[in-house]
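Remarks on the structure that follows.
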Amino acid sequence: MKFISIFNDVLGPVMRGPSSSHTAGSYHIGTMVRSLMENHISGITFTFDPNGSYGRVYRQQGVDLAFAAGIMGWKLTDERFFKALEIAAQQGLEIQFRVAPLPNADHPNSVQIDAVSPSGEKLSAEAKSIGGGMILFTRLDNWEVELTGKAYECVVVCETEAETKVKELLLDVDDAVSHPRETGLNKSFLGGQGGRFFKKAPLAAGGKKLVFILQRCSPLPPGLAEQVRGLPGVEHFWVSAPVYYVRKGDSLFAGAAEMIAYAEAQGCSLGRAALDYEAQLLGLSREEALKEMTRRFGIMQESVAAGLDKKQVNMQLLAPTAGKIFKAEAEGKLAVGGLHTRAAARAAAVMHINNSMGIVCAAPTGGSAGVIPGVIVTLVEEKKLSAEQTALALFAASAVGLIVARRATFAAEVAGCQVEIGAAGAMAAAAVVEIAAGSAAQAADAAAIAFQDTMGSVCDLVQGMCEIPCHTRNAVAASSAFVRADLILGGYVNPIPLDETIDAVYAVGKMLPAELRCTALGGLAVTPSAQEMSLRECGAGSL
Numbered sequence: 013m014k015f016i017s018i019f020n021d022v023l024g025p026v027m028r029g030p031s032s033s034h035t036a037g038s039y040h041i042g043t044m045v046r047s048l049m050e051n052h053i054s055g056i057t058f059t060f061d062p063n064g065s066y067g068r069v070y071r072q073q074g075v076d077l078a079f080a081a082g083i084m085g086w087k088l089t090d091e092r093f094f095k096a097l098e099i100a101a102q103q104g105l106e107i108q109f110r111v112a113p114l115p116n117a118d119h120p121n122s123v124q125i126d127a128v129s130p131s132g133e134k135l136s137a138e139a140k141s142i143g144g145g146m147i148l149f150t151r152l153d154n155w156e157v158e159l160t161g162k163a164y165e166c167v168v169v170c171e172t173e174a175e176t177k178v179k180e181l182l183l184d185v186d187d188a189v190s191h192p193r194e195t196g197l198n199k200s201f202l203g204g205q206g207g208r209f210f211k212k213a214p215l216a217a218g219g220k221k222l223v224f225i226l227q228r229c230s231p232l233p234p235g236l237a238e239q240v241r242g243l244p245g246v247e248h249f250w251v252s253a254p255v256y257y258v259r260k261g262d263s264l265f266a267g268a269a270e271m272i273a274y275a276e277a278q279g280c281s282l283g284r285a286a287l288d289y290e291a292q293l294l295g296l297s298r299e300e301a302l303k304e305m306t307r308r309f310g311i312m313q314e315s316v317a318a319g320l321d322k323k324q325v326n327m328q329l330l331a332p333t334a335g336k337i338f339k340a341e342a343e344g345k346l347a348v349g350g351l352h353t354r355a356a357a358r359a360a361a362v363m364h365i366n367n368s369m370g371i372v373c374a375a376p377t378g379g380s381a382g383v384i385p386g387v388i389v390t391l392v393e394e395k396k397l398s399a400e401q402t403a404l405a406l407f408a409a410s411a412v413g414l415i416v417a418r419r420a421t422f423a424a425e426v427a428g429c430q431v432e433i434g435a436a437g438a439m440a441a442a443a444v445v446e447i448a449a450g451s452a453a454q455a456a457d458a459a460a461i462a463f464q465d466t467m468g469s470v471c472d473l474v475q476g477m478c479e480i481p482c483h484t485r486n487a488v489a490a491s492s493a494f495v496r497a498d499l500i501l502g503g504y505v506n507p508i509p510l511d512e513t514i515d516a517v518y519a520v521g522k523m524l525p526a527e528l529r530c531t532a533l534g535g536l537a538v539t540p541s542a543q544e545m546s547l548r549e550c551g552a553g554s555l
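What the sequence shown shows, in our numbering, is residues 13 to 555, in sequence order.
Pasting the structure below:
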């Protein structure tokens, strides 16, 4: 069973916009390369396939800046972000970006990385940003690997004669917890106390080398890396620190049906079921998990407030309008107005900040970061929610996201806009049911019909930016969350359960042509008006 966490995979990371796949994911890849190179890099080249999303939008979406920030060891929220490439050059760090065919590019956000240290040591790697800020390294030098950044990960390349000594050293190390059956890696588990340990066969028949992958919940003891590197026959020993929370416990459920059954057995709401899930999985107390969720809601509130202030907005295509809409609603100048419109305006406000490369909380991605804040901030105002009620509403939303992350993807590059803004709308509908004291089953049904309504939605971002049509889609998804919740709470019986709906959404998404999956090669992106637009330089104003 895959290690899927709310704080890792669903409601986060806290990031700079405009896209979790392009900024957060790229930043995490850069951070892991820095770790693998032991913080010693003098030059690095990132190569993108011309047919992928990276190759087409890496400049517009800040991919280059995010890679640079990660390589230099900055936080993604660092105020120097927009000068990352300039500062890297001043420090003597040569960063290059190329677009060229990649033979192994099986994902739109595949990247080949070639790094060199000041002493001349080299690393060649292949990685991909797989959606929602999540990443996967698939190759180090000529070795196939599966590194996720969700553990302390060690890779050993050695002669076959050194196998016994390597295992003796690495498997005789105490660790916090071991979960061999839930790694997500379909490889042989070798046992021992040192976490999860996998052995890979040589790439060529008759080869005399092996690669071992060790995943731990805690760092290696001091001096152990040097011992391993000193063994005869050990060619490489790479170590990478995690870029996400590490696993400390088991998953309480894997699918929506199990999730609902758990909530019913415990007599609790969907939000509390998700709280239990995350606390057990990450080894947190319920109070600690609630506190972290409350912190992330604070980021959402700040992004809403900033986006309603046009002075803090600096997008590349659109002029800020969220504040004008919000003000017009308050003055009674709109056709209808009300809670739905206020939520929509707030959702657009967050997207203003996201597309100014400001700080947002991915929910579940950067391109869909407005929906859930728009809904929850509005509910907090309308219902006078406590901090705990607010956090539980976000946990309820995240419960739906857990199932999407496990059964499908959050990457529009893979399955279209339906798994980004569509997923956010489904999650928000579940949150509204939670606040209305609905059951876990009702929350899941509200999410299911939201997905059913958005199935097939394409990703056709104009000029490669998450502005058009992403702003209005976020706004409409936020507004519609209330209607979908009311339909279920009012008695509509959903005939297609959430698990099956998500599977259908994923299947439909994979049928979409590449032109409609975040490449800006189809849909609205190729209309004459869209192609005539010119990008302004994005400096994020005073952010």
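Cβ coordinates follow ideal geometry from the N, Cα and C atoms, glycine included. Model, not experiment: these values are computed from the prediction.
- Non-local beta-carbon contacts of H364 in its own chain, meaning distances under 7 Å to residues more than five positions away in sequence, involve G319, V325, M327, P332, A334 in chain order.
- DSSP places D126 inside the beta strand (DSSP E), whose first and last residues are 122–128.
- An exposed status is given to T172, since fewer than 16 other beta-carbon atoms sit within 10 Å of its beta-carbon.
- Annotation: the continuous beta strand (DSSP E) that includes Q108 extends over 106–111.
- For the region 344–421, the full-length alpha helix (DSSP H) segments reaching 4 residues or more read 351–366, 383–395, 399–419 along the chain.
- Taken atom to atom, the span from the alpha-carbon of A347 to that of T353 is near 10 Å.
- Pairing K179 with P231, the inter-Cα distance amounts to about 17 Å.
- A direct Cα-to-Cα measurement between R110 and L533 gives close to 20 Å.
- If only complete runs of 3 or more residues are kept, the region 238–283 shows the beta strand (DSSP E) at 246–252, in order along the chain.
- Following the DSSP letters along the chain, one finds E425 inside the alpha helix (DSSP H) bounded by residues 424–427.
- Between the alpha carbons of R28 and P376 lies a gap of roughly 14 Å.
- When DSSP states are grouped into helix, strand and coil, S141 belongs to the strand group.
- By the neighbour-count definition (other C-beta atoms within 10 Å, threshold 16), K140 is a buried residue.
- Taking each of N486, E106, T35, Y70 in turn and checking the Cα distance to H52, the smallest one comes out for E106.
- Bridge partners of K134 according to DSSP: V128.
- V431 is positioned such that its CB atom lies closer than 8 Å to that of G521.
- With respect to the 8 Å criterion, C170 and G245 are classified as neighbours on the basis of their beta carbons.
- Looking at L329, D511, G344, the one whose alpha-carbon comes closest to that of C478 is L329.
- For G434, no beta strand (DSSP E) run applies; the uninterrupted alpha helix (DSSP H) run containing it begins and ends at 433–447, by DSSP.
- DSSP places L159 in the strand class (E or B) of the three-state scheme.
- Rounded to the nearest angstrom, the gap between the Cα atoms of D153 and V251 is 14 Å.
- Nearest C-alpha to L226 among R308, A163, L48, E50: A163.
- For M312, the three-state secondary structure derived from DSSP is helix.
- Minimum Cα-Cα distance from E238 among the listed residues L181, N63, D262, Y257 corresponds to L181.
- In the three-state reduction of the DSSP assignment, T35 falls in the helix class, which pools H, G and I.
- When the Cα atoms are used, R307 and A526 turn out to be separated by approximately 37 Å.
- In terms of CA proximity to I99, D76 leads the group A277, H119, D76.
- K220 is the residue among K220, D465, Q102 whose C-alpha sits nearest the C-alpha of E247.
- For L148, the three-state secondary structure derived from DSSP is strand.
- Cβ-Cβ distances below 6 Å link K322 to P332, G335 in the same chain, with the five nearest sequence neighbours on each side left out; the list follows chain order.
- One alpha carbon belongs to V488, the other to E299, and they sit about 34 Å apart.
- By the Cβ-count criterion, I508 is exposed, with fewer than 16 other Cβ atoms from all chains shown falling within 10 Å of its own Cβ.
- Non-local C-beta neighbours of V387 in its own chain, meaning closer than 7 Å and more than five positions away in sequence, comprise A355, A440, A443, V444, A490, A493, ordered along the chain.
- Separation of the CB atoms of A417 and G379 is rounded to 16 Å, and the pair is thereby denied contact status at 8 Å.
- Looking from the CA of R529, the closest CA among G476, L114, R151, P30 belongs to G476.
- In the three-state DSSP reduction, R28 falls in the strand class (E or B).
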